[in-house]
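**Q**
Chains as they are written, first to last, in the numbering used here: chain A, -7 to 74; chain B, 2 to 228.
1. Could you tell me how far apart the beta carbons of residue 51 of chain A and residue 39 of chain A are, in whole angstroms, since I believe they sit closer than 8 angstroms?
2. Is residue -7 of chain A buried or exposed, if buried means 16 or more other CB atoms sit within 10 Å of its CB?
3. Are the C-beta of residue 61 of chain A and some C-beta of chain B separated by less than 8 angstroms?
4. With burial defined as no fewer than 16 other Cβ atoms inside 10 Å of the residue's Cβ, what is the status of residue 72 of chain A: buried or exposed?
5. Considering just the uninterrupted stretch of the alpha helix (DSSP H) at residue 120 of chain B, what are its terminal residues?
6. Please list, in chain order, all residues of the same chain as residue 113 of chain B whose beta carbon is under 6 angstroms from its beta carbon, the five residues on each side excluded.
7. Please look up how many angstroms separate the CB atoms of residue 103 of chain B and residue 147 of chain B, rounded, as I've assumed it's under 8 angstroms.
8. Three or more beta-carbon pairs under 8 angstroms between the stretch 27 to 44 of chain B and the stretch 174 to 188 of chain B, yes or no?
9. My assumption, with CB atoms under 8 angstroms, is that residue 73 of chain B sits in contact with residue 46 of chain B. Please give the rounded CB distance.
10. Residue 18 of chain A bridges to which residues according to DSSP?
11. Using only CA atoms, which one of B/162, B/25 and B/11 lies nearest to residue 197 of chain B?
12. Which residues does DSSP pair with residue 30 of chain B in a beta bridge?
In structure tokens form, the structure reads like this:
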């Protein structure tokens, strides 16, 4: 079995108004060193498969079909055996 | 002409849509629960606004996979008319029936107000009764109506005359090219953020949305030779 961790963020080419607002607030707090901020999603999935390659393939398919909207979002997955 | 209003858990403009068809056209209209898969009797399918599935994951993402949507895709492929308003527009993009995606409003605010729209094309089945270039007053009510598509898709939309409505004056959400509503390449699936179904009587603040419904009926009658 695997624990899959999926990170979804807006694509670099897509403006992230939430991130910009958070950056503004961080600057207000005096964190002037903060450059660009991008907000995303973190998801944890339990994958009931034994083969790593198969699990990777399936999670990728889940990202493409539902977990991320690839028109505006990028995703990244990590698999950890449990 | 038979109309279906698809109702998802969390839809909240379904009644407005239903009443708009009743009031403007007096044609038969049914609420169709999202689990229903037979849409064969309907000539037009209306996907109302709201917060289907609580906007979980992304607006429209879960609803785009609901059982009724397979049939909506089939109906769209057959050339039937499909109109998605607000959350309905979000669902149509998530389902791949329209290109692009709707992002969070640039201001991060939920905007609920009347806006001016420019009718960019009156050669669609949904806009026959408008004048091209006409400015109409239609309300918006959304937090995620910031239309996005990549430059290549935008070029295609512009070249094929698929941008049907643009915001006139102030753009309330930051959408690319001031886009408020687009139609698919085949010209039978329209998605828009503003709510024409909420603007069908003077006492609602505007009746500029009425002609969208009369256009749909006109189109259908012309094609079906019905009186």
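Note that CB positions come from ideal geometry on N, CA and C, so glycine has one too.
Since this is a predicted model, take the numbers as computed values, not measurements.
**A** On the basis of the supplied data:
1. 7 angstroms
2. exposed
3. yes
4. exposed
5. No alpha helix (DSSP H) holds residue 120 of chain B; the beta strand (DSSP E) holding it covers 112 to 120.
6. Around residue 113 of chain B: 142.
7. 6 angstroms
8. no
9. 6 angstroms
10. None, per the DSSP bridge assignment.
11. B/25
12. B/4
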